[in-house]
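Reading through the structure tokens given below for one structure.
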Amino acid sequence: MDVSRTGGGIARNVGWSILSKVVVFSLKFVSVPILAHLLTPAEFGIVASGMVVISFLILIGGAGLASGLVQAEKEDAEAHDTVFWTNLAVASALGLLLYFNATFVARLLGAPEAAWLLQIFAFLFPVYLGADVASALLSRRMAFARDAFWSVTSETLGAIAAIATAIAGFGVWALILQQFVSAIVRLIGLMYASRYRPRLRFSLPKLRALFGYGSRIAGADFANFISFQSPLVVITRALGLSDAGAYSVANRLSDLPNQVVLSGLMGVLFPAFSTMANEPERRSYALMRSTQMTSVLLAPMLFGFWAVAEPTMKIVFGAQWTFAWPVLGLLAVAKGIMTPCGSFIPFLKATGHAGVLWWFALARASIIVVGTWIGAMLDGLTGVCLALCIANVFIMIGYAGVVFRVANIPARAAIHCVVLPLGSAIVMAALVRLLLGYLQPHIASDLILLLAGAAAGGAIYLALLVATQRSVLSSLLALRAG
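Start counting the sequence shown at 396; every next residue gets the next number (our numbering).
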């Protein structure tokens, strides 16, 4: 048996993946506030708007082909080369298309001043899509230590380049350079780590086979992309670049816990679930435990962000960003509500339920777009964030119901692994918020308030965890022993 596929191997791979995210988290926790002090909300907004377009076109260009390589029964060098050259051709076409239509796209976004930026970002396509095959090979081989190293290296060099450029007074060019440095270093590193060297060969039948699976995955990824990015587009069009910049900065900070735990775990779960194709009971158990553990880890971080959002925004970003603290708090709540869903996408991908994933993602995207637009019209930036919170409650309930039914998990067990972690986190956050409300008139220092809130939150949640979630600790120990 491949040791990387056993319980202990999966645990180690999760550890490597999460370790890389912790380091990247630390880098962003340091670099984003530094850049926020050196740059304006409008500069963050223009780059955030540009990256929405780039991310969208990269998602379309990849067509889910790399996911097909991960799920395939065995490695096929000809299929790898077919995907590589297809990606490169599509990336070049998309880059040219964007370069010559940048003005139209920028106006469509509601940010006509971003046209020049889109022309520069058009050159990112071959760099991003060129790394897809190498990344898929590392995921398939469960080689997350090597992937982690190059993720950290690329993010580190990108952050250093951005800070140095911002200090030198080049403004928005700091954020542009960060994207290029990180992407180029990642491409070179993954190619080296995977030992992948493309050859001039192509197979149309293999492309068709991969596209059959990948197109459904890409469709679901597209709908999820709309869910994640549509609030920024709505804000840019309805409220302007300054509000878009405030949303972007608050979203970056509130998303850090997800980047540390969730993105690292999801990268491992897809290939891990794929290897359990003939063990449905084991896969369902793994789904339930991963859902419970991600909720236990992430929910207190995100709801805790809401409790300490005001002092956090003042300390981390400075006076010019103080107005955005309610945005930070509400975005953290919106993400906290969705914490049980972290393992759902890799589960549905691995079990071949791409159709279910697609339809649910489409419904989610529709709800988010309509809800955030109504929120923007009613109450501006705060209204958008409130709309996200309300929408996510219904989305999470529906998502959990669909996935647990597919996995044949009993309703009682499903409720236990979702409700208890969320309930404990909400209780903890409410108590911390009440405590800080009591302390604020007596303590002038935002740093002391933040530390007091964090300490109280940790103690309260630990007590609730011991009282209600002891099985999670047992599961972690059992996974490591396996």
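All residues carry an ideal CB built from backbone N, CA and C; glycine is no exception. In this text, all values refer to a predicted model and were calculated from it rather than measured experimentally.
- A Cβ-Cβ distance of about 13 angstroms is found for the pair TYR587 and VAL528, leaving them out of contact under the 8 angstroms criterion.
- Shown here, ASN803 sits in coil according to DSSP, grouped into three states, outside any helix or strand.
- C-alpha of PHE799 to C-alpha of ILE562: approximately 50 angstroms in a straight line.
- When DSSP states are grouped into helix, strand and coil, ASP471 belongs to the coil group.
- Only residues of its own chain outside the window of five on either side were considered, and among them PHE597, SER598, LYS601, LEU602 have a CB closer than 7 angstroms to the CB of THR477, listed in chain order.
- Between GLY445 and ALA526, the C-beta gap is not smaller than 8 angstroms, which leaves the two residues out of contact.
- The alpha carbon of TRP768 has as its nearest neighbour, out of ASP542, PRO626, ALA531, the alpha carbon of PRO626.
- In the structure shown, SER598 adopts coil according to DSSP, grouped into three states.
- Residue burial annotation: VAL788 is exposed, with fewer than 16 other C-beta atoms found within 10 angstroms of its C-beta.
- Distance between SER622 and GLY505, taken at the CA atoms: about 18 angstroms.
- Restricting attention to LEU636, ILE583, SER462, the CA atom closest to the CA of ARG502 is found in LEU636.
- Sorting ALA641, ALA862, ILE583 by C-alpha distance to the C-alpha of CYS780 places ALA641 at the top.
- Taking C-beta separations shorter than 7 angstroms and ignoring five residues to either side along the sequence, ALA758 has no partners in its chain.
- GLN574: member of the alpha helix (DSSP H) spanning 568-589, first to last residue.
- Taking a cut-off of 8 angstroms on C-beta distances, the segment 728-739 touches the segment 809-819, as three or more cross pairs fall below it.
- For ILE740, the enclosing alpha helix (DSSP H) starts and ends at 739-745.
- Around the Cβ of TYR833, a 10 Å sphere holds fewer than 16 other Cβ atoms; the residue is exposed.
- When the alpha-carbon of HIS475 is set against those of PHE516, ALA517, PRO593, the nearest one is in PRO593.
- Residue environment: PHE479 is assigned as buried (16 or more neighbouring CB atoms within 10 Å of its CB, all protein chains considered).
- According to the DSSP assignment, ASN646 belongs to the alpha helix (DSSP H) that extends over 636-649.
- Using a 10 angstroms sphere on the CB of ASP774, the tally of other CB atoms stays under 16, which defines it as exposed.
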